[in-house]
Amino acid sequence: MADQPPPSTLPDQLYRDDNAPSASFRFDDAVARVFPDMIRRSVPGYSSIIAMIGILTGRYMQPGSNAYDLGCSLGAATLAMRHGIQGPDCRLVAVDNSPAMIERCRHHLALDDHPVPVELHCADIRQLPLDNASVVTLNFTLQFIPPQERLLLLQRIRKSLRPGGILILSEKIAFTDPVEQQLQTDLHHDFKRANGYSDLEISRKRSALEDVLIPETLDIHRQRLQQAGFAHVSCWQQCFNFVSLIALTEAP
Ligand code: GEK
Numbered sequence: 007m008a009d010q011p012p013p014s015t016l017p018d019q020l021y022r023d024d025n026a027p028s029a030s031f032r033f034d035d036a037v038a039r040v041f042p043d044m045i046r047r048s049v050p051g052y053s054s055i056i057a058m059i060g061i062l063t064g065r066y067m068q069p070g071s072n073a074y075d076l077g078c079s080l081g082a083a084t085l086a087m088r089h090g091i092q093g094p095d096c097r098l099v100a101v102d103n104s105p106a107m108i109e110r111c112r113h114h115l116a117l118d119d120h121p122v123p124v125e126l127h128c129a130d131i132r133q134l135p136l137d138n139a140s141v142v143t144l145n146f147t148l149q150f151i152p153p154q155e156r157l158l159l160l161q162r163i164r165k166s167l168r169p170g171g172i173l174i175l176s177e178k179i180a181f182t183d184p185v186e187q188q189l190q191t192d193l194h195h196d197f198k199r200a201n202g203y204s205d206l207e208i209s210r211k212r213s214a215l216e217d218v219l220i221p222e223t224l225d226i227h228r229q230r231l232q233q234a235g236f237a238h239v240s241c242w243q244q245c246f247n248f249v250s251l252i253a254l255t256e257a258p
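The numbering of the sequence shown is the numbering used here, which starts it at 7 and goes up by one.
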């Protein structure tokens, strides 16, 4: 694969024209083609989360264990995890159920010459066998899983983790207080406007994501993680309505 040209990274103009997709949002070829630009301009704090996933992996990855990046898209978090891994005999597994994402992710990984091998799978993370894990990442993926299926997935992740292992969970969140909800939504839209999206693009994308990306409150996430068996949950980054949590198998 390394001898093939790298995938081009195009500007996200998907919702700019009148022929913008009107159906529900899908991770298809059109999205995969513009994904790096789309996520950088849409998710406040994304690049700092990616960098910190490398740091967290470095701290918690145990020799002879597995790391998983679930919902890897083009492999940004996968690469951060790969570079964070220090110990010997570690295995890194990256999974996404979008063939368009996996195809491009393969190219991105091939351009990186770090020695830790990466296994790439096109699969549904709800069916993926997990074991002997010390670091599992769900970087803005759980929000696309139907809410009633989230606990089961977190329980399976918790069961797969060694003592001392962690889950890194990043999500768009909702707020119970309507004033806070409005404030954080407005600030997020200001961020998107500052990154060149028009009001029309913002509103078209918002409609496309309705019932596809389902945000929940920080309280619901914390409670569910505890119900799944995690000993401690810490929110280590919040930027407007986007957070990243670390869930520990053992209290620090
Ligand atoms: C990053 N983590 O750049 N099984 C597998 N993959 C899934 C499933 C599923 N059931 N549902 C959704 N996905 C990445 C960004 S994007 C976040 C993650 C976003 C995949 C989906 O195909 C997409 O690639 C990814 O989860 C979500 O760090 O677009 O906001």
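Ideal Cβ positions, reconstructed from N, Cα and C, are used throughout, including at glycine.
### Query
What is the DSSP secondary structure of Ser-140, counted as helix, strand or coil?
strand
### Task
Would you decide whether Ser-71 is buried or exposed? Buried here means 16 or more other CB atoms lie within 10 Å of its CB.
buried
### Message
Using a Cβ-Cβ cutoff of less than 6 Å, which residues in the same chain neighbour Ser-240 once the five nearest sequence positions on both sides are dropped?
### Response
Ile-252
#### Entry: Contact between the region 15-29 and the region 84-98 (3+ Cβ pairs under 8 Å)
Judged by Cβ distances under 8 Å, the region 15-29 makes no contact with the region 84-98, as fewer than three pairs qualify.
### Task
Could you say which of Gly-90, Met-87 and Ile-131 lies nearest to Asp-102 if we only look at CA atoms?
Ile-131
### Query
Secondary structure at Cys-128, three-state DSSP: helix, strand or coil?
strand
### Task
Along the alpha helix (DSSP H) that carries Gln-259, what are the first and last residues, could you check?
Only positions 7 to 258 of the chain appear in this structure, which leaves residue 259 out of reach.
### Own chain, CB closer than 8 Å to Gln-19, minus 5 neighbours either side, in chain order
Val-40
### Query
Got a sec? Which residues, its chain only, sit under 7 Å from Arg-162 by beta carbon, not counting five neighbours each side?
Leu-136
### Task
Grab me the residues of Ala-36's own chain with a C-beta within less than 8 Å of its C-beta, minus the 5 sequence neighbours each way, in chain order.
In its chain, beyond the 5 residues on either side, Leu-20 and Pro-27 have a beta carbon closer than 8 Å to the beta carbon of Ala-36.
### Message
On the DSSP bridge list, what partners appear for Ala-73?
### Response
Leu-98 and Val-141
### Query
Any heavy atom of ligand 1 within a distance shorter than 6 Å of the CB on Ser-166?
no
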